[in-house]
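A.B. asks: Numbering (UniProt numbering), first residue to last: 1 to 201.
Backbone N, C-alpha and C define an ideal beta-carbon position, used for all residues, glycine too.
As the structure is a prediction and not an experimental result, all values here were calculated from the model.
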Amino acid sequence: MMSPFFTQRTRSKFVFARPSNTAETLSKLAASVNIVFCLHLTPPLFGCPDAQSIHLIRYIAPEQVPVRYGGLSKENDPDFTSSDAVTEIAVKPSTRQAIVIQKLHAFRNVMLPLQKCLLVWELRVLGWEVTYGAEFVPRSEDGYTVIVQKERKLVAADEPVLKGSFKIGEAGKIVLTVHNTASKRKKLLYRYKIKNSAEST
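(1) Around the C-beta of F136, are 16 or more other C-beta atoms found within 10 angstroms, so that it is buried, or is it exposed?
(2) Of the residues A85, G172, K167, V161, which one's Cα is nearest the Cα of G70?
(3) If I'm right that S165 touches L118 with Cβ under 8 Å, what's the distance once you round it to whole angstroms?
(4) Name the DSSP bridge partner or partners of I194?
(5) Please state whether DSSP places F10 in a helix, a strand or coil.
(6) To the nearest angstrom, how far is it from the Cα of F80 to the Cα of W121?
(7) Return yes when the Cβ of G127 is within less than 7 Å of the Cβ of K186, no when it is not.
(8) Hey, is the region 173 to 192 in contact with the region 87 to 94, meaning 3+ C-beta pairs nearer than 8 Å?
(9) The beta strand (DSSP E) that contains Q149, what's its start and end?
(10) For the beta strand (DSSP E) containing E75, name the first residue and the last one.
(11) Please report the Cβ distance between R124 and A171, rounded to the nearest whole angstrom; I am assuming they are in contact, meaning their Cβ atoms lie under 8 Å.
(12) Report the three-state DSSP secondary structure of R124 (helix, strand or coil).
(13) Which of the three DSSP states, helix, strand or coil, is assigned to V67?
(14) Assign I147 to buried or exposed, taking buried as 16 or more other Cβ atoms, counted over all protein chains shown, within 10 Å of its Cβ.
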């Protein structure tokens, strides 16, 4: 990776960090250089100076990047750690993206839904200006759909990371809906964790 043809100036721009030290390295680098970090959107996120933006998520997983730099890593988070993988989705302009969370487990070669558990999720949309909602859809035909989060528009003044949870007492699925009403593509980051009833009490 280091070529003998690189100048000293070029070499000084490289930063090497192990996955376990990524968040700490980013914090130290940002404090010493005063750089705004942005994710790998093209063009870069609004509010990030073009000359100073560094596109980290191309090289570093979003679960390793701190929240203030566009990732999902938080210190002392009781639900998620930096080892919990994040899924990235590009939401096209004027489209509605549905994320269906349906946990199944095998029992005698039959797929059965996991019941009586607590589902916790984290969601972040880079660029805001989208509508977000969540609902629980039961598997039984005579069951009622439960609105977990009424659809609302997300703006820059909101918290950067949305967190939600729902205690599931019957077979079914959670559907998270993100509607991108803007004319630009948005990057959606999410992850979820299912805790059994013993952990949730």
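C.D. replies: According to the structure shown:
(1) buried
(2) V161
(3) 6 Å
(4) L119
(5) Per the sequence shown, residue 10 should be read as Thr rather than Phe. In the structure shown, T10 sits in a helix (DSSP, three-state: H, G or I).
(6) 9 Å
(7) yes
(8) yes
(9) 146 to 154
(10) That residue, E75, is in no beta strand (DSSP E); it is neither H nor E in DSSP.
(11) At roughly 29 Å, the Cβ-Cβ gap does not stay under 8 Å, so R124 and A171 are not in contact.
(12) strand
(13) helix
(14) exposed
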